[in-house]
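Peer 1: Just so we're aligned, residue 1 is where the sequence shown starts under full-length UniProt numbering, counting upward by one. Supplied in structure tokens, the structure appears directly below.
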Amino acid sequence: MGGSILGNFMNSLRADAEKRKHCNKEPNLNEGICKLTNYLDRPISVSEDIFSAKDEGWSSSLRNFLYGRSRSICVYLELWLTALELTSAARGEILGGNCKYKDFKEEVVSGRSGSRCKVDVQLSHWRNFVQRSSLSMSQSYEKNLQLCMQIVREIYKGLKITQVGRTTKVNLKQEHNICGNVYKALTEWVDEKFAEEILKNWFSTEDSEGKPMNTLQVAGTDLFEVISEDLIGDDAGIKDLKCKCEGIKGVGIQSIEKKFITEKTQDSITEIVQHLPSEDVTTEDSLSSTLQEYIQESNIAKGSEAETDDSSGSGPFTVSAGVSWGGMIGGGAVAVALGSLGVYGMTRIMTRGGRVARRGSKYQRAMGSVSYTPKP
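The following block contains the structure:
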């Protein structure tokens with residue numbers, strides 16, 4: 001399994017958690033992340049969650065939308081990261097380049113090739129799942145996608161998303177402590193180490209002395225901001241949110257409980273109100289459809305046909321047993337994710353023929369800020 005930064009990161013997180021939680025033994029077989037990694041009972045619908053113990057209290061229509069959105073953003077993120085370049089920085093390696101997430105989404109929706117984003121779909125483990133209504137959970141890459149979806153859903157919960165008629169609210173009041181809530185939820189679902197890895201790599205996070213803790217860096221942004229931008233609208237992502245770690249676990253002294261608090265700059269907004277479109281447009285389906293076309297055209301442009309069924313477990317989607325996860329940049333999950341890029345020499349060889357966006361069609365409407373028409 002190579003190439004996918006996000007896919008490999010999820011796989012390494014899951015593999016490490018399996019060992020720590022002893023997922024192959026009772027009573028842990030069907031608890032938390034062990035339930036996800038051991039699950040083989042039946043296909044799981046994208047709009048359901050059988051792995052999280054807590055009910056977030058959303059209406060069924062809002063829940064279905066957000067759960068489906070979690071699948072889409074994970075696929076989008078994985079593809080977008082293939083267009084970024086790995087370079088050295090003062091604090092280690094950083095993913096950067098000219099392709100902003102907004103640029104990537106615009107290319108997907110318009111179907112037009114651009115000079116900013118050169119996505120290599122062949123590096124994606126999840127590209128064929130963007131329109132599937134369920135995951136069979138029989139392959140490692142499906143479990144890794146489901147894990148990404150679970151993390152995104154916990155972030156959605158931390159944003160305190162509520163629905164009022166045709167309006168949704170994302171509440172950023174500091175007392176809600178997004179960082180602390182996400183850390184607590186992931187600690188309860190997996191453990192402290194797993195939760196800390198997400199805070200360190202998906203958010204902008206500092207230690208108690210104000211030093212950055214991030215090991216996976218994306219130039220000018222973080223994955224939390226991109227996730228919020230995908231939900232709220234282009235260039236409307238939450239840019240100023242910082243997480244701070246308070247308390248450490250010392251060696252040879254009494255343990256101190258580690259916790260994360262949310263810090264924001266003085267001009268932080270406390271509430272975002274998103275007015276949803278009144279027309280009955282299933283924008284999520286529109287985006288999924290255009291992304292699928294984008295992937296298919298990209299494969300044709302590269303001179304290969306898009307794979308349509310990965311259920312055999314062959315090819316780049318197979319996770320080989322006995323993979324060594326450490327020994328690269330910093331060790332651990334991030335090392336695996338970034339180390340996979342070396343296999344491809346950071347080449348971005350995909351080219352794509354352009355086509356004109358169909359004005360007034362679902363492809364243009366799909367660029368709306370939040371793609372959901374709730375039922376009052």
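Glycine included, C-beta positions come from ideal geometry on N, C-alpha and C.
Within the same chain, show all residues whose beta-carbon is closer than 8 angstroms to that of M10, passing over the 5 residues directly before and after it, in chain order.
Peer 2: N144, L145, L147, C148
Peer 1: One question on the structure: do W126 and E78 come within less than 7 angstroms of each other, judged by their Cβ atoms?
Peer 2: yes
Peer 1: Give the C-beta separation of T187 and K200 to the nearest angstrom, bearing in mind that I take them to be a contact with Cβ-Cβ under 8 angstroms.
Peer 2: Actually they do not touch by this definition, with Cβ atoms about 14 angstroms apart.
Peer 1: Assuming L231 and W202 make a contact with CB atoms under 8 angstroms, what is their CB distance in whole Å?
Peer 2: Contact between L231 and W202 is absent: CB atoms are separated by about 14 angstroms, not below the 8 angstroms threshold.
Peer 1: From which residue to which residue does the beta strand (DSSP E) around Q146 run?
Peer 2: From DSSP, Q146 is part of no beta strand (DSSP E) but of the alpha helix (DSSP H) over 140 to 158.
Peer 1: Using only the alpha-carbon positions, how far apart do D55 and E154 sit?
Peer 2: 11 angstroms
Peer 1: Please state the DSSP three-state secondary structure of K102.
Peer 2: Here K102 sits in helix by DSSP.
Peer 1: Consult DSSP for V46 and reduce its assignment to one of helix, strand or coil.
Peer 2: coil
Peer 1: Compare the C-alpha of G220 against each of C99, I73, E107, I50 and name the closest.
Peer 2: C99
Peer 1: Note down, in chain order, each residue of its chain lying with its Cβ closer than 6 angstroms to the Cβ of H176, except the 5 sequence neighbours on either side.
Peer 2: K160
Peer 1: Under 7 angstroms, do D240 and K264 count as touching if we go by C-beta distance?
Peer 2: yes
Peer 1: Work out the CA separation of T162 and K25 for me, nearest whole Å.
Peer 2: In a straight line, the C-alpha of K25 is about 39 angstroms away from that of T162.
Peer 1: For Q131, which of helix, strand or coil comes out of DSSP?
Peer 2: DSSP, read as helix, strand or coil, puts Q131 in coil.
Peer 1: The beta strand (DSSP E) that contains T187, what's its start and end?
Peer 2: Judged by DSSP secondary structure, T187 falls outside any beta strand (DSSP E) and instead within the alpha helix (DSSP H) spanning 178 to 189.
Peer 1: Which of helix, strand or coil does DSSP assign to G7?
Peer 2: Looking at G7 - three-state DSSP - the assignment turns out to be helix.
Peer 1: Helix, strand or coil: how does DSSP classify V164 here?
Peer 2: strand
Peer 1: Compute the distance between the beta-carbons of V190 and A17, then report whether it is under 7 angstroms.
Peer 2: For V190 and A17, yes; Cβs fall inside 7 angstroms.
Peer 1: Could you tell me which of A89, D120, C179 sits nearest to F260, measuring between CA atoms?
Peer 2: Looking at A89, D120, C179, the one whose alpha-carbon comes closest to that of F260 is C179.
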